[in-house]
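Presented below is the structure to which this report refers.
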C-alpha cells in the first residue's frame, strides 16, 4: 500500500467535506469511511505515538498526518493541535479509531 506522510502544519482548512493542504491533494472524508455501511469512522489515530498521527485511507492509499513540530513547548502544542483536529472531525459527524 502506498503511504504518504504529511505534516499537520500544512493543513489549510478542515471542513465537513475533508482536509485541505498547502501542497497536497485534499483528503475527502467520504472516501475514507472504512467500516460497515452506516459507520462514520474515517481514520485511525494515536496520540501516544512519537510522533502522534492520524491515518486516513482514501481510495487504498495511506495518508498519515503527523504532529511533529519541534522547539520550545512543542510537545504541548502538538498535543493541542492533535486534539483540535480530532474535535473538528467529531464536529462534522465523523469518528476516528483510537490506537493509543
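Numbering (the numbering used here), first residue to last: 40 to 139.
Quick reminder that beta carbons are idealized off the backbone N, C-alpha and C, glycines included.
Discussion item. Check whether the segment 41-48 and the segment 88-107 are in contact - that is, three or more C-beta pairs closer than 8 Å.
Written reply: yes
Worksheet item: Since residue 136 and residue 70 are thought to touch, with beta carbons under 8 Å apart, how far apart are those beta carbons, to the nearest angstrom?
Response: Start at 1 with the first residue of the chain shown, and residue 136 comes out as number 97. Start at 1 with the first residue of the chain shown, and residue 70 comes out as number 31. Actually they do not touch by this definition, with Cβ atoms about 17 Å apart.
Practice prompt. Can you grab the Cα-Cα spacing for the pair residue 103 / residue 42, in whole Å?
Written response: Walking along the chain shown from the start, residue 103 turns up at place 64. Walking along the chain shown from the start, residue 42 turns up at place 3. Cα to Cα, the separation comes out at about 7 Å.
Practice prompt. Identify, in the order they occur along the chain, each residue of the same chain with its Cβ nearer than 7 Å to the Cβ of residue 65, setting aside the five sequence neighbours on each side.
Written response: To locate residue 65, count along the chain shown from 1; it is residue 26. Excluding residues within five positions, the ones whose Cβ falls inside 7 Å are 57, 58 and 59.
Discussion item. Measuring alpha carbon to alpha carbon, tell me which residue in 79, 72 and 44 is nearest residue 133.
Written reply: Taking the chain shown and counting its residues from 1, one reaches residue 133 at position 94. The option with the nearest alpha carbon to residue 133 is 79.
Practice prompt. Excluding the 5 residues preceding and the 5 following residue 81 in the sequence, name in chain order all residues of the same chain whose CB lies nearer than 8 Å to its CB.
Written response: Counting from one through the chain shown, the residue named residue 81 turns up at place 42. Same-chain partners within the cutoff: 68, 71, 72, 73, 95, 128, 133, 134 and 135.
Worksheet item: In terms of residue numbering, what span does the alpha helix (DSSP H) encompassing residue 124 cover?
Response: Taking the chain shown and counting its residues from 1, the one referred to as residue 124 is at position 85. Run containing residue 124: 113-130, per the alpha helix (DSSP H) assignment.
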